[in-house]
Amino acid sequence: MRKLRRLSDLLPLIREGRYRLGPHVAKHMLQEGFTELDILRALEWGRELCIYPEEGRMLVLGYMVFPPRLKLPLHVVLDYTPPRQVDIVTAFIPKEPYRVYSRARLAALLRHDRALEEVRWTGPIRLYPAWE
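Heads up, the sequence shown is in the UniProt record's numbering, so the first residue is 1 and it goes up one at a time.
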C-alpha cells in the first residue's frame, strides 16, 4: 500500500512549483474557461473530498471566486505518487454542484473504468493492543 498523503503535505510542493498539469486538465481548461491560477487558488483554499490511497490520488473541492459574490466549485484530482512533485490529473466544474453525493457514490462516478467499488464497514483499528 502506498503512503497516504494529505493536501496539507502537498501544498508546499505546489507552492514551490513542483507540479505538472496533465493533458486532461488542459482540455477542461479550454472547454470550461478556467485557468491554471484558478486551479492553484482552488487547491490553496480547498478541502479533500476523497483520498484513494491504493491509487495514490485524491479529489479536492475548491472554489473559483469572482468578486463580489460569485463562487463556482472546482474539482481537482491530484496524483501524489511521484515523491517530490504533484501531478494535477484533471480539474473540472461539476455539472450539478447543488447535488450532494455520498463519498462512495462520488468515487464511483469519477472512476476512469466506470466500475463500481465495493463498500464495507470496518471496526476501528486497535492502536494499543498491549494496554488491554
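For each residue, glycine too, the CB sits at the ideal point set by N, CA and C.
Is residue i close to chain B, meaning its C-beta is less than 8 Å from at least one C-beta of that chain?
| i | result |
| --- | --- |
| PRO73 | In summary, chain B is missing from the structure at hand, where a single protein chain is found. |
Return the CA-CA distance between residue i and residue j, expressed in angstroms with no decimal places.
| i | j | result |
| --- | --- | --- |
| GLN31 | ARG5 | 30 Å |
| PRO12 | PRO23 | 23 Å |
| ILE93 | VAL77 | 12 Å |
| GLU16 | LEU10 | 10 Å |
| GLU48 | SER8 | 10 Å |
| MET58 | VAL65 | 22 Å |
| VAL89 | LEU74 | 13 Å |
| PRO82 | TYR19 | 10 Å |
| ARG120 | TYR63 | Confidence in ARG120 is poor, its pLDDT being 47 and thus under 50, which makes the residue's placement unreliable; the coordinate value appears in the next sentence. One C-alpha to the other measures close to 31 Å. |
| ALA91 | HIS28 | 7 Å |
| GLY33 | ILE39 | 11 Å |
| TYR52 | LYS71 | 27 Å |
| GLU54 | ASP87 | 16 Å |
| ARG69 | LEU21 | 29 Å |
| ILE14 | GLU96 | 28 Å |
| LEU43 | LEU37 | 10 Å |
| GLY46 | PRO67 | 18 Å |
Closest by CA to residue i, which one among the options?
| i | options | result |
| --- | --- | --- |
| VAL25 | THR35, ARG18, GLU16 and GLY17 | THR35 |
| LEU61 | LEU70, CYS50 and GLU55 | CYS50 |
| LYS3 | ILE14, PRO68, ASP87 and TYR80 | TYR80 |
| GLN85 | ARG41, TRP45, GLY56 and LEU37 | GLY56 |
State yes or no: is the C-beta of residue i nearer than 7 Å to some heavy atom of the ligand NAD?
| i | result |
| --- | --- |
| VAL76 | Because no ligand of any kind appears in the structure shown, any question about the ligand NAD cannot be addressed here. |
At 3 residues or longer, and completely inside the stretch 14-42: list those beta strand (DSSP E) runs for me, N to C. 19-21
So within the stretch 36-99, which uninterrupted alpha helix (DSSP H) runs reach at least 4 residues, ignoring any that extend past its ends? 36-44
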